[in-house]
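Per my numbering, the very first residue in the sequence shown carries number 141; after that it's consecutive.
Remarks on the structure that follows.
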Amino acid sequence: MAGASITLMDAAGTTKTATADSTGNYTLTVTGLTAPFLIKASMPSGDSVKEYSSLVMTAPKAGDTGVANVTPLTHALVSMVSSDGANPNEFADKNTLKNVDPAKLTAALKNLQTALAEVLSAAKLPATFDPMTTSFKADRDNEADLLLDTIKVGVSDQGVSLTNARVPASDTGSNTAPATITLKGTTTGTVTALPKPTVATDDLKGLDAFQAEANACLALAPAARVSQNNGSYTFLGACANVTGFDTNNYKAFGYSLQQLWGYRLLNEIPADSKLLTPEFLLFLDDGKKAIVRLASASPSGGKVYFETAQKIGDVWKIVGNQRDYDASVGVRLFRQNDLSTNGWTIPSTYINSLDSGKNVGKFDAYTSRLSFSFNQSGPNGYDVYAVRVKGPGLPASGIVLSRSSACGTNDYLAFYSNNGSLPAPNSSSLPTSSATNSWVLDVANFGSAYKGTTTEFFNQYRGLNSLGSPSTSTGNNTAQNRVDLSTIPEFAVYNWEVFTNAVGPNVAATFRSRIITRPLAATEGKKQAWATLNQDALDYLNPNNTAKAAELNNGQFSWALPNATAPIVVNGYIFGSGDLGRMNMGRAVTKSGDTSLNLTASAEYKGNGQACNYAKVPTFTSTSGYREVGIRQVTESGLMLSQYSFHTGRAAP
C-alpha cells in the first residue's frame, strides 16, 4: 500500500518502523535482530484503518536483501497459522512470535496455493506462487498485483474466507452466493479450488476515470461542490462534470443522485478529500454489475460508501442499488458492560431455572447481531406499516419490523415479531414499543461479574418466562438458540417484503439487500480493538454522582483507543429511560480521530412522525431507571463495533 506505515517486530520484541513509498515499497535493516519477524502494514482508508500482517521466518544473510510482502494474502497466511486459525494479532506477543512453527506456515501456504490453483493458472502465475516472497510491482497491471484485487480475504471465527470477486454472483436469481471457500488453520486434507475468473482484469480498473473526475470535484470546498435550496441540491463546477455517475438513472435507497450525493458532498465528505482507488468487492450477474467500495481520505478524516456500479456499453458507471426504499442490513458486534449497583436476583418463582432465587450478578456480554434499518419517513415509506425480512441466520418465517411508540426511533421501524406475524394495517395505534432494529445471533459472557450457572447465561440474557423457562415471546429479538454462523455466507442476501396500508396484509413490494461482511461469533469480541470509555463517561453511570445522574440537557465525555491502528470512534451517545420517558442524546464525532464529544438534547420522534413530549435524558438511581453511555467504531471490512456501559436499577440482594 502506497504510503503505508510499516512496523517490524522481532522475536525479542524489538521494533523498527518505515513508510512505504508511492509504489508500496519499503526498506528495513534487520541486522542484529532475531527472527522470526512479524511485519504489519497499515494506512487510513475512509473512516477506518486497513492493516495487514506477514511473517518472515529467517533473516537474509549478511549483505543480502530479502523480499517480505505485506498484503491481504500474507494476512490470510498469518491468520491460518494462528492457534485458532483466525487470530493474526496473536503474534504481536513476542513469546507467541518466537514459537511460531515454520511447518505450519509451510502447510498454510500449500493450502492457499491449492485453493488458488485455478486462479493462478488463469493469471499465468506458477502453482508455487508465494505471496510472501515473490517480488512484483504494485502497479495494477502486474498479474501478481491483480491477484490481490481479484481475491477478497475475510477473517472470522469460521477461518479465512477467500472470495473470487471476478466470478459473478447472481443478484436476481436463486443462487446468490459468491465463489467463496473457507480455510481453517493448517490441517491437511481436501481443499477445494476456487473457480477461474470470468470477468476481465481490465474491469477492475473500470472506475479509474470516475476516480479522476471525482477528485476534481473533491478538490473544491464543500460549499463550492453543491448548492442547496430547500432540500434541493445542484452540483457545481467540477462536481457537475462527473460522468462516472449515471446521472439519469441513478437511484439508491430511494434517493436520486442529487439528493444522496449532493448531501454527501456538502455535509459528509470533508474539505481537501481525495477518493482512493475504487475497490470492486464482488461482480454480479453477468459480470456487468458490481458492488464497489468508495473510500476517501483527508487531513480531517475520511468516509466510506458501498455503491453499485454497472457496465453500460464499455463504460462503468455508479448507478446506485436501485432500491425504492431507504433500507439496509448491517453487521454489528456489541460489547455491553454492566456497571449496575446491584446484580439480578432470579425470582424464586422461576422454578424451572437452575438459578431460581439466586443473585446471578451482572450481565457483561458480547453479542453478534444483524441490524435492519427501514426509514418510514424516507422515499416511498409514508404508507409502510411493516416489513418482513428473510435470510440466513433469521427464523424461517422471517422477522417483522413495524412502527414503534418508542421515543427516539424517529420513524425507523422497530422489532415486532420473530415468527413472521404482522400487525394489523390501517391502525391508529403503534404496534410495538420496541426501540431496537437488530436480531441477536449469538451471546457470550465476558469477565467475572456474572455469578450464575454458565449454561444458563444465554437464556437469562435472552429472557425467561414467569416459570424461569426460556422465553417464547414472539417479540423477542434474540434467536432461540445460538445461530450457526457458518450458515451465513459472505455477501449474504436478505429478502424484504413491504406491507402498506393501501394493500393491507398482502405484499406490496419486495427487494433484496446484501451484507458486506459476515457476522462474527460473540466470543470474537475479545479480539477486537475496542476503544475505552474514560472516567468522565463512566461517571454518568454512577447513581451517587449527583450532577451526572440527574436529568441531562447536555453532556460531555471522552474515550481512548488501544493503539494507532484501532478503528476510530465515529459517534457516541448517552441514553436513558425512566418513569418520565426515554431519550437518546447522540451525534457523530466532529472530526475523524476525535476522542471526545459534546452532546445536547433535542426533541425526538416515534413512529408516524409523532413528537415525544420529553426531551431530556432522565435521572436514575441504584434501584430504578436505566442509563447507558455508548460509542461506535467501524472496521475496514464494514463491521460496526458497538459498545456501551450501562446501569440498570435493580433491587438490592
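Even for Gly, the Cβ is constructed at its ideal location relative to N, Cα and C.
If you measure between the beta carbons of residue i and residue j, is that distance less than 8 Å?
i	j	result
R280	K345	yes
S182	P707	no
G608	I491	yes
P571	S537	no
T640	Y525	yes
V633	G531	yes
M149	L178	yes
N801	G548	Given a span of 141 to 793 for the chain in the structure shown, any question on residue 801 remains unanswerable.
S413	S436	yes
N520	Y552	no
V295	S219	yes
V769	L701	no
T759	A669	no
D478	D495	no
T254	A333	yes
R722	L739	no
L237	P176	yes
T322	Q351	no
Short of 6 Å in beta carbon distance, which residues of its chain neighbour residue i, apart from the five on each side in sequence? Order them along the chain.
i	result
N550	Y745
A378	A356 and C357
A216	V293 and V300
S736	S698
Q462	K391
Along the beta strand (DSSP E) that carries residue i, what are the first and last residues, could you check?
i	result
D478	A467 to D478
A649	A649 to R654
W579	S578 to N585
I321	T320 to L323
S310	Run containing S310: none; DSSP gives neither H nor E here.
What residues match up with residue i in a beta bridge as DSSP calls it?
i	result
P610	L604
M183	K190
R722	S717
E637	R528 and T650
G493	This sequence places Ser at residue 493; Gly is not what is there. Per DSSP, none; premise fails for S493.
H215	DSSP, once it has assigned bridges, lists no residue as partnering H215.
S511	G470 and S578
A158	I146
L739	G695
S544	T572
K457	Q450
R772	N711 and S782
I291	N304
E419	R433
G377	The partner list for G377 (beta bridge, DSSP) is empty, contrary to what the question assumes.
G501	Y590
T672	A700
Hey, does residue i have any beta-carbon neighbour from chain D nearer than 8 Å?
i	result
S568	Of the protein chains in this structure there is only one, and it is not chain D.
Could you check where the alpha helix (DSSP H) with residue i kicks off and where it finishes?
i	result
Q351	D348 to L358
Y403	L397 to Y403
R622	No alpha helix (DSSP H) contains R622, which DSSP labels as neither H nor E.
L245	P242 to A255
Q675	Q675 to L678
R365	P362 to R365
K429	Not the alpha helix (DSSP H): K429 falls in the beta strand (DSSP E), residues K429 to A437.
N753	No alpha helix (DSSP H) holds N753; DSSP gives it neither H nor E.
T236	K234 to K238
Excluding five sequence neighbours on each side, which residues of the same chain lie with their C-beta closer than 8 Å to the C-beta of residue i?
i	result
T763	T481, N482, G789, R790, A791 and A792
G402	V366, Q368, Y373, T374 and F375
T154	L173 and T174
T338	R306, V307, P308 and G427
N617	I539, F555, N558, S574, T576, S578, W579 and V580
G164	M141, A142, A144 and A278
L265	E283, A284 and L287
Report all residues from its chain with a CB closer than 7 Å to the CB of residue i; omit the five preceding and five following residues, and keep chain order.
i	result
Q773	A671, P707, I708, V709, V710 and L781
V500	G483, W484, I486, Y590, K591, G592 and Q600
L534	W579
K667	N227 and N229
For a test of your reading of the model: does the CB of residue i fall under 7 Å from any non-hydrogen atom of the ligand FMN? Yes or no.
i	result
L287	No copy of the ligand FMN appears in this structure; indeed no ligand is present at all.
Legend entry - Contact between the stretch 452-464 and the stretch 376-392 (3+ Cβ pairs under 8 Å): In short, these stretches touch, since the Cβ pair count reaches three.
Legend entry - Segment contact, 8 Å Cβ cut-off, at least three pairs: the stretch 436-446 with the stretch 398-418: Yes, the stretch 436-446 touches the stretch 398-418.
Inset, instruction - Could you say if the stretch 654-669 and the stretch 621-636 meet the contact criterion of at least three C-beta pairs nearer than 8 Å? - result: Yes, the stretch 654-669 touches the stretch 621-636.
Legend entry - Stretch pair the stretch 418-437 + the stretch 389-397: three plus CB contacts closer than 8 Å: The stretch 418-437 is not in contact with the stretch 389-397.
Inset, instruction - For the stretch 254-262 and the stretch 226-235, state whether three or more C-beta atom pairs, one from each stretch, are separated by less than 8 Å. - result: Because the criterion of three Cβ pairs below 8 Å is not met, the stretch 254-262 and the stretch 226-235 do not touch.
Inset, instruction - Flag this pair as touching only if the stretch 269-280 and the stretch 201-221 have three or more C-beta atom pairs under 8 Å; answer yes or no. - result: Yes, they touch.
Inset, instruction - Pair every Cβ in the stretch 580-588 with every Cβ in the stretch 550-569, then say whether three or more of these pairs are closer than 8 Å. - result: Between the stretch 580-588 and the stretch 550-569 there are fewer than three inter-stretch CB-CB distances shorter than 8 Å, so the stretches are not counted as touching.
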